[in-house]
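Since the structure comes first, as C-alpha cells, the remarks are kept for the end.
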Amino acid sequence: MVAHTVSQKSKEYNRDEVEKELAKLREQENEVKTARENLCSDEKTIAKGRERCRRKMDEFLKKKGTRNVIEQQLRSKLAKLHVMEKNKPDLDTAKETLENANTKIIDDTFLRAGKIAALLRRNKAQIASAFCAFLEMRAANVKCKEFMERVEQFKIEYDCAWVSRLKFLKLFLW
C-alpha cells in the first residue's frame with residue numbers, strides 16, 4: 001500500500017472544497033428530487049392528458065362514425081331525390097294529359113247517358129206496348145168469356161131443342 005501524505009493546508013482546502021462540493025451535491029440532489037417529483041407529476045399529468053386525449057379520440061371517432069352514417073344517408077337521399085327529379089314528368093304534359101282524360105271521361109259519360117236515355121225510351125215504349133197488349137188481351141178475354149157463355153147458352157138451348165125433338169119424335173114413332 002501506498003500512503004500519501006497530505007498537508008494540513010491542502011486538507012482544509014480540500015475540506016472547504018468538499019463542503020462546497022457537498023453543498024452543490026445536496027443542492028443538485030434537491031434539484032433532482034424536485035425534478036423527479038415534477039417528472040412524476042408530469043407523468044401523471046401526461047397520463048391524465050393521454051386518458052383525456054383517448055376519451056376525446058373515442059368521442060371524435062363516435063362522432064365521425066355518426067357523421068359518416070348521416071353523410072351516407074344524405075348521399076342516398078340525395079341520389080333518390082336526383083332520380084326523382086330526373087324521372088318527374090313535365091307538369092305541362094301532365095296537365096294536358098289530365099285535361100284530355102277529363103274531356104274523354106265527360107264525353108264517355110254523356111254518350112253512356114244518351115244510350116241509357118235511348119234504352120229507357122225504348123223500354124218505356126215496350127212497357128206501353130205490353131200494357132196495350134195486356135189491355136187488348138183483357139178485352140179479348142172478356143169477349144171470349146162472353147162468347148163462351150153464349151156457346152154454353154147455345155149448347156144448352158141446342159141440347160134442349162134436340163131433347164124436345166127427340167121427345168116429339170118418340171111420341172109419334174112409338
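For the sequence shown, the UniProt record's numbering begins at 1 and goes up steadily by one. Here a beta-carbon is modelled for each residue, glycine too, at the ideal position from N, C-alpha and C.
| Query | Result |
| --- | --- |
| Span separating the alpha-carbon of residue 37 from that of residue 68 | 45 Å |
| Distance, residue 140 Cα to residue 152 Cα | 18 Å |
| Neighbourhood of residue 1 by C-beta, 6 Å cutoff - its chain only, sequence neighbours within 5 removed | With a pLDDT of only 47 at residue 1, under the threshold of 50, the placement of this residue in the model should not be trusted, and no figure is reported. |
| Three-state secondary structure assigned by DSSP to residue 108 | helix |
| For residue 155, three-class secondary structure by DSSP | helix |
| Three-state secondary structure assigned by DSSP to residue 42 | helix |
| Cα-Cα separation between residue 28 and residue 53, rounded to whole angstroms | 35 Å |
| Length of the line joining the Cα atoms of residue 32 and residue 50 | 25 Å |
| Helix, strand or coil at residue 58 according to DSSP, with G and I counted as helix | helix |
| DSSP-derived helix/strand/coil call for residue 90 | coil |
| Straight-line gap, residue 149 to residue 143 (C-alpha atoms, nearest Å) | 10 Å |
| Cut-off 6 Å between Cβ atoms - residues of its own chain near residue 134, not counting five sequence neighbours on either side | none |
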